[in-house]
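One structure is given below, encoded as structure tokens.
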Amino acid sequence: MINKNPDQEGFYGDFGGAFVPEVLAANLKELQEKYIPFIESEEFQTEFQDLLQNYLGRATPLYHAKKLSAKYGTHVYLKREDLNHTGSHKMNNALGQILLAEKLGKKRIIAETGAGQHGVATATACALRGLECVIYMGEVDMVRQATNVSRMKMLGAEVRAARSGTKTLKDAVNEALEDWIQNPDTYYLIGSAVGPHPYPDMVTRFQSVISKEIKTQFEEKVGGLPTHILAAIGGGSNAAGAFYHFIGEPNVQLVAAEASGHGLETDKTAATLHLGTTGVLHGSKSKVMQTADGQLIDPHSISAGLDYPGIGPLHAYLHDINQLEIHDATDQEALEAGRELTQLEGILPALESAHALVLLKKVKFKPEDQVVVNLSGRGDKDLPTYLKAFGL
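Numbering (the working numbering), first residue to last: 62 to 453.
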């Protein structure tokens, strides 16, 4: 039997759990005990669904990309998470966790961000609910995602630069965790399907609205189920959301693109499932890019949101039981896929989403296949990178 939800200890098969300092054990225990009763309560769901519809703008469209379909000789649909308020899927989770933090009586919120979309989503949710907000972001990412840094500041958040290590996403997570250790009364709003239990499951549940909508919309538009669901994975929140309601469906293939940077054979890559081994990172047991003696290997991706040396435990589990097909996508392939969508369909995708679009070239589709690509975010934030790459 395939488990799309973890066991009581937070494990999906061999992956997951909660490996944290003792000072955080009480916080996590409270969250582990209360998150499901809170989330499943009628009061919570009424408020959450109202925010998703009337504040966030859900349901997002399922768009039949006719030019893209013609080019690749199959039926291609885009799940338009880029049309959410703030420009990505990240807001689904931010709103859910903010409501949960309020239920727990928390007044100060911290978060980490790579591409900045989760930071913007968290800052937006905090502004909406009047909560103090501190966002940790790698100094390198602050430069390449300067627009999102400005948005966070405009929303009233404090943005703190992570200057350790590679000054990217993993370092922002490290510093956010250190803040949480120093300030255990703070609520840490994790943005991806990573971290100690219950975060991977909690993020997945909030993001599962994506696959729930895909199922309903596809049945209405086409009938039946799609044959393939495509998504990019770094930590894995957008993929977890897009896959969730299709896990265990025998006729639906789940396919993920990992950021391979300059190539799998180089030391400038972030392809964890391709190259990683089992280890513990940021409180969870999963696949990790590490040396033989357990030292982290610095990842690289042109996409700040995929520049992470680990993977969510759900994805590690699905891959381990052969329920997830993976391919790699290089920086250059992602740039070209992003430009192709922009010029064929008039939709500028985030570089994270562009990695998923690379799969259209990598997977052998039949003419009758029905392929859904999760377009997790819009590319305004990445425009300087696109322009520089293409000399525009």
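The beta-carbon is built from N, C-alpha and C at its ideal position, and this holds for glycine as well.
query: Where does the unbroken beta strand (DSSP E) through V137 begin, and where does it stop?
result: Locating residue 137 in the sequence shown gives position 76, counting from the first residue. Its beta strand (DSSP E) spans residues 136-141.
6 Å Cβ shell around T208 - same chain, five flanking residues per side excluded: Taking the first residue of the sequence shown as position 1, residue 208 is located at position 147. Counting only Cβ-Cβ distances below 6 Å, and skipping sequence neighbours, we find K442.
- prompt: Among the residues of its own chain, which have a CB less than 7 Å from the CB of I242, if the five just before and after it don't count?
  reply: Taking the sequence shown and counting its residues from 1, the one referred to as residue 242 is at position 181. The answer, listed in chain order, is P82, V84, L85.
task: Tell me whether P428 is buried or exposed, calling it buried when 16 or more other Cβ atoms sit within 10 Å of its Cβ.
output: The residue labelled residue 428 in the question sits at position 367 within the sequence shown. So P428 counts as exposed.
- request: Using beta-carbon positions only, say whether L117 and H146 come within less than 8 Å of one another.
  value: The sequence position of residue 117 within the sequence shown is 56, counting from 1. The sequence position of residue 146 within the sequence shown is 85, counting from 1. The answer is yes: Cβ separation under 8 Å.
task: Taking only runs that begin and end inside the segment 335-381, name each unbroken alpha helix (DSSP H) of 4 or more residues, in chain order.
output: 374-381
Cα-Cα separation between P261 and G296, rounded to whole angstroms: Counting from 1 along the sequence shown, the entry for residue 261 is found at position 200. Counting from 1 along the sequence shown, the entry for residue 296 is found at position 235. Cα to Cα, P261 sits roughly 10 Å from G296.
Alpha helix (DSSP H) segment containing M263, residue limits: For the purposes of this step, residue 263 is identified with residue 202 of the sequence shown, where counting begins at 1. Element bounds for M263: 260-268.
- prompt: Does DSSP put F99 in a helix, in a strand, or in coil?
  reply: Taking the sequence shown and counting its residues from 1, the one referred to as residue 99 is at position 38. The answer is helix: DSSP assigns F99 an H, G or I state.
query: Do the segment 147-154 and the segment 266-280 touch if we need at least three Cβ pairs shorter than 8 Å?
result: yes
query: Would you say Y447 faces chain B, with C-beta separation under 8 Å as the test?
result: The structure shown contains no chain B, having only a single protein chain.
message: Please state the DSSP three-state secondary structure of G438.
response: For the purposes of this step, residue 438 is taken as the residue at position 377 of the sequence shown. Three-state DSSP puts G438 in a strand.
query: Alpha carbon to alpha carbon, how far is L357 from A79?
result: By 1-based counting over the sequence shown, the position of residue 357 is 296. By 1-based counting over the sequence shown, the position of residue 79 is 18. Each residue's alpha carbon lies about 19 Å from the other.
message: Would S364 and H416 qualify as a contact pair, given that the criterion is a beta-carbon distance under 8 Å?
response: For the purposes of this step, residue 364 is identified with residue 303 of the sequence shown, where counting begins at 1. For the purposes of this step, residue 416 is identified with residue 355 of the sequence shown, where counting begins at 1. Yes, the pair counts as a contact, with Cβ atoms nearer than the cut-off.
task: Go ahead and pull the three-state DSSP assignment for A222.
output: The count along the sequence shown starts at 1 and reaches residue 222 at position 161. Strand.
query: V204: buried (16+ other C-beta within 10 angstroms of its C-beta) or exposed?
result: The residue given as residue 204 occupies position 143 in the sequence shown. Result: exposed.
query: Residue range of the alpha helix (DSSP H) that R212 falls in?
result: What you label residue 212 is simply residue 151 of the sequence shown in a count that begins at 1. 207-215 is the extent of the alpha helix (DSSP H) around R212.
- prompt: What's the gap between the Cα of R119 and the Cα of D368?
  reply: Working through the sequence shown from its first residue, we reach residue 119 at position 58. Working through the sequence shown from its first residue, we reach residue 368 at position 307. Spanning the two alpha carbons is a distance of roughly 28 Å.
task: Let me know if M215 comes out buried or exposed under the rule of 16 or more other beta-carbons within 10 Å of its beta-carbon.
output: The residue labelled residue 215 in the question sits at position 154 within the sequence shown. With fewer than 16 Cβ atoms within 10 Å of its Cβ, M215 is classed as exposed.
- request: Could you give the DSSP three-state label for R119: helix, strand or coil?
  value: In the sequence shown, counting from the first residue as 1, residue 119 sits at position 58. Reduced to three states, the DSSP call for R119 is coil.
query: Among A176, R190, P245, T229, which residue has its Cα nearest to the Cα of S211?
result: Taking the first residue of the sequence shown as 1, we reach residue 211 at position 150. For the residues A176, R190, P245, T229, the minimum Cα distance to S211 belongs to A176.
Contact the segment 367-387 vs the segment 105-112: 3+ CB pairs below 8 Å: no
message: Measuring straight from C-alpha to C-alpha, what distance separates A331 and P370?
response: As a position in the sequence shown, residue 331 is number 270, starting the count at 1. As a position in the sequence shown, residue 370 is number 309, starting the count at 1. Answer to the nearest angstrom: the Cα atoms are 6 Å apart.
Per-residue burial, K231 [other beta carbons within 10 Å of its own, 16 or more giving buried]: Along the sequence shown, one-based indexing puts residue 231 at 170. Buried is the call here.
field: DSSP state of G166 mapped onto helix, strand, coil
entry: Counted from its first residue, the sequence shown places residue 166 at position 105. Residue state, collapsed to three classes: coil.
message: By the three-class DSSP mapping on this structure, what secondary structure does E326 have?
response: One-based indexing of the sequence shown puts residue 326 at position 265. In the structure shown, E326 sits in coil (DSSP, three-state: anything other than H, G, I, E or B).
- prompt: Taking all protein chains shown into account, do 16 or more other C-beta atoms lie within 10 angstroms of the C-beta of T352, making it buried, or fewer, making it exposed?
  reply: Locating residue 352 in the sequence shown gives position 291, counting from the first residue. By the neighbour-count rule (16 or more Cβ atoms within 10 Å), T352 is not buried but exposed.
- prompt: In terms of residue numbering, what span does the alpha helix (DSSP H) encompassing E406 cover?
  reply: As a position in the sequence shown, residue 406 is number 345, starting the count at 1. Its alpha helix (DSSP H) spans residues 392-406.
message: Please classify Q178 as buried or exposed, where buried requires at least 16 neighbouring CB atoms within 10 angstroms.
response: As a first step, residue 178 is located in the sequence shown; it is residue number 117 there, counting from the start. Flag for Q178 reads buried.
- prompt: DSSP three-state call for M152: helix, strand or coil?
  reply: Position 91 of the sequence shown, counted from the start, is the residue given in the question as residue 152. It is helical.
field: Span of the beta strand (DSSP E), counted from its first residue to its last, around L291
entry: In the sequence shown, counting from the first residue as 1, residue 291 sits at position 230. Start and end: 289-294.
Beta carbon of S298 nearer than 8 Å to that of G344: Here residue 298 refers to the residue found at position 237 when the sequence shown is read from its first residue. Here residue 344 refers to the residue found at position 283 when the sequence shown is read from its first residue. No, Cβ-Cβ distance for S298 and G344 is not below 8 Å.
- prompt: Within 10 angstroms of its Cβ, does N88 collect 16 or more other Cβ (buried), or is it exposed?
  reply: Counting from one through the sequence shown, the residue named residue 88 turns up at place 27. Result: buried.
- prompt: Can you tell me the Cα-Cα spacing of L334 and E386, whole angstroms?
  reply: Position 273 of the sequence shown holds residue 334. Position 325 of the sequence shown holds residue 386. C-alpha separation (whole angstroms): 10 Å.
message: Please tell me whether V349 and G337 are closer than 8 Å, where the distance is taken between their beta carbons.
response: In the sequence shown, residue 349 corresponds to position 288, counting from 1. In the sequence shown, residue 337 corresponds to position 276, counting from 1. The answer is yes: Cβ separation under 8 Å.
- request: Compute the Euclidean distance between the alpha carbons of D111 and G71, then round it to the nearest angstrom.
  value: The count along the sequence shown starts at 1 and reaches residue 111 at position 50. The count along the sequence shown starts at 1 and reaches residue 71 at position 10. Whole-angstrom Cα-Cα distance: 29 Å.
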